[in-house]
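Comments concern the structure below.
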Amino acid sequence: MGNKTALYNAHLAAGAKIVDFGGWDMPIHYGSQIEEHHKVRQASGMFDVSHMTIVDVQGEDAQAYLQHLLANDVARLTSVGKALYSGMLNDNGGVIDDLIVYRMPEGFRVVVNCATREKDLAWMQKQAGEFRVTLTERADFSMIAIQGPEAITQTKKVVSAAQSEVITSLGVFFGLESEGWMFCRTGYTGEDGLEVMVPNNQAEAFWNALVAAGVAPCGLGARDTLRLEAGMNLYGSDMDESISPLAANMGWTIAWEPQTRNFVGRAALESQQAAGDQPRLVGLVLEQKAVLRGHQPVFVEGVGEGEITSGTFSPTLGYSIALARVPAGTQSSATVEIRGRQLEVKVVSPPFVRKGQRVYK
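So for the sequence shown, the numbering used here puts the first residue at -4; every next one is plus one.
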C-alpha cells in the first residue's frame, strides 16, 4: 500500500481505478480517460495533485539561497504572488527536478514533484549550507488542480466571496493566499485554470462542492495526455539528472544575467552552450495508424539517431504525437521504428494543442 492523499476515500467513492504513482495510491481514471481529457479541453476537470511536495523557504537569506539553488532567478519575482518555473540542477548541469516557486509575503513557496521528494529535500538541505534559511515541508496542504475553459468560473461558485475576489485578481502565473488557502493560476494541461492549496481537513468538502458544480473528476491518465499535447515535460521521461535543460526545451528558464550569480550548474551549462552540441527536444507528429511510445528509436537521415521520450495518441488531434530527443541538426522530418516498420513523422515545435486548438508549427 502506498501513501494516500486526503481525497483517497472520495476517489474510491467515485469509482476511480487506483494505481501506484511515485509511491502514492492515485486515480488513473474514473471510467474513461478519453472522456476526462475532452472534459478538460471543452469545459472543466479537476485532478488531485496532493502528492506534490510543497516547501516554504524563509529566513534572511531566502532569496540569495534560491538564487544559488535554481537556474532561474527569483529576483524576478518583484511582487507578492508572482511565480516562475525553473530547473533545480546538479553540478554537471543535469536536472534534479523542475518546479514552480512563488513569492510569498514572507519568503517563498516551492512546489516540486512527488517521485523526487526525498532527493529534492536532501539536495535543498545540502545546498542551504551557510545560508540563513529554514525549509518547511507543508504536508498540511492538499492540492487540487481545476483546469479548462470553465474552470475559473466553476471554482468561484464554491468558494467564499473574498476568495472569489482573489481568484478574479490573479494574473497568469500568480498565486495568492485567502482565508488559509492559496489560489494559483497555474497548471499542467495547456488550459487556463487554477491549482488550489487547501488545508487537508477541508479538501474533501471542496472536492465534493466542485463535483456538485459540474467539475469532472479526472485521473492522472488524462493529465498525461493533456500535458503532452501542451508540450510540457514529464520528469523522469523528458529530462532527468543526466539531461541538461539546454537539451530539454528549458533554455528559456535559465537566467544568465547577472553574470555574477553563480547558481548550481552554471559552469557546466556555460561549457555546453559554448560547445553548441546539445541535442534538441522536438515534437513528432504521426498521422498514420500507429502510436508513438517512449524509447522508440528516431532516425534522421544524414544526421543521426534519437529517441522518443514521451509519446501517446492525442485525443484532441486524433493521431499520435510525441516528444523526442534528436541530434541538433534535425530538420522537418524523421522516421520512427514501430514493430519493425519505419514510419515517417513530421518534426514540429511543441506545443501541439493549446486551449483546445492545434498550434504546432
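By construction, the Cβ of each residue, glycine as well, lies at the ideal position given by its N, Cα and C atoms. For clarity, every value in this text was computed on a predicted model and none was experimentally measured.
Asked: Tell me the rounded alpha-carbon separation between D86 and M245.; Found: 17 Å
Asked: Report the residue ranges of all alpha helix (DSSP H) runs contained in full by the region 47 to 77; include only those spanning at least 4 residues, in chain order.; Found: 57 to 64
Asked: Going by the DSSP bridge assignment, what does S328 pair with across the sheet?; Found: K341
Asked: Taking 8 Å as the line, does the beta carbon of T0 fall inside it for any heavy atom of the ligand ATP?; Found: As presented, the structure is devoid of all ligands, the ligand ATP included, so that no description of it is given.
Asked: Looking at L7 and I139, is the spacing between their C-beta atoms short of 9 Å?; Found: no
Asked: Can you list, in chain order, the residues of its chain with a C-beta nearer than 6 Å to that of R256? Leave out the 5 residues immediately preceding and following it.; Found: Q62
Asked: Rounded C-beta distance between S315 and A285? I'm assuming under 8 Å.; Found: 6 Å
Asked: Can at least three beta-carbon pairs, one atom from the region 161 to 178 and one from the region 337 to 344, be found at a separation below 8 Å?; Found: no
Asked: Report the rounded CA-to-CA distance for A243 versus M234, giving the unit in angstroms.; Found: 6 Å
Asked: Just tell me which of I147, Q58 and A157 has its CA closest to the CA of L205.; Found: I147
Asked: Buried or exposed for M(-4), please, with buried defined as at least 16 other CB atoms from any protein chain shown within 10 angstroms of its CB.; Found: exposed
Asked: Taking T307 as part of the beta strand (DSSP E), name the residues at either end of that continuous run.; Found: G299 to S309
Asked: Does the contact criterion of 3 or more C-beta pairs under 8 Å hold for the region 13 to 23 versus the region 65 to 80?; Found: no
Asked: Just to confirm my understanding: we take D92, look at its own chain, exclude 5 residues before and 5 after, and list those with CB closer than 7 Å. What are they?; Found: M83, V107, N108, T111, D115 and Y230
Asked: Can you look up D115 in the DSSP assignment and give me helix, strand or coil?; Found: helix
Asked: Between H33, F308, Q58 and I95, which has its C-alpha nearest T248's C-alpha?; Found: I95
Asked: With the cut-off set at 9 Å, would you say F126 and Y60 are in Cβ contact?; Found: yes
Asked: What is the rounded straight-line gap between the Cα of V210 and the Cα of E132?; Found: 29 Å
Asked: I'd like the list of long-range same chain contacts for F136, defined as Cβ closer than 6 Å, with 5 residues on each side in sequence excluded.; Found: I49 and M192
Asked: Does G260 come within less than 9 Å of chain B when only Cβ atoms are used?; Found: You won't find chain B in this structure, because it holds only one protein chain.
Asked: Name, in chain order, the residues that DSSP records as bridge partners for Q352.; Found: R349
Asked: For the beta strand (DSSP E) that contains L318, what are its first and last residues?; Found: Y314 to V321
Asked: Could you pull the DSSP bridge partners for R275 from this structure?; Found: V321
Asked: Between the alpha carbons of V128 and D56, how many angstroms are there, rounded?; Found: 6 Å
Asked: Under 9 Å, do G365 and Y97 count as touching if we go by C-beta distance?; Found: The requested residue 365 is not part of the displayed model; the chain covers only -4 to 356.
Asked: Can you tell me which residues form a DSSP beta bridge with S361?; Found: Because the chain in this structure spans residues -4 to 356, residue 361 falls outside the shown range and cannot be described.
Asked: So, with DSSP's three-state summary, where would you put H290?; Found: coil
Asked: I think G306 touches R320, with their Cβ atoms under 8 Å apart; what is that distance to the nearest whole Å?; Found: Rounded, the Cβ-Cβ distance is 12 Å, inconsistent with contact.
Asked: Determine which residues share a DSSP beta bridge with M177 and list them.; Found: E172 and M192
Asked: Whole angstroms is fine: what's the gap from G166's alpha carbon to R275's?; Found: 31 Å
Asked: From the DSSP output, in three-state form, read off L130 for me.; Found: strand
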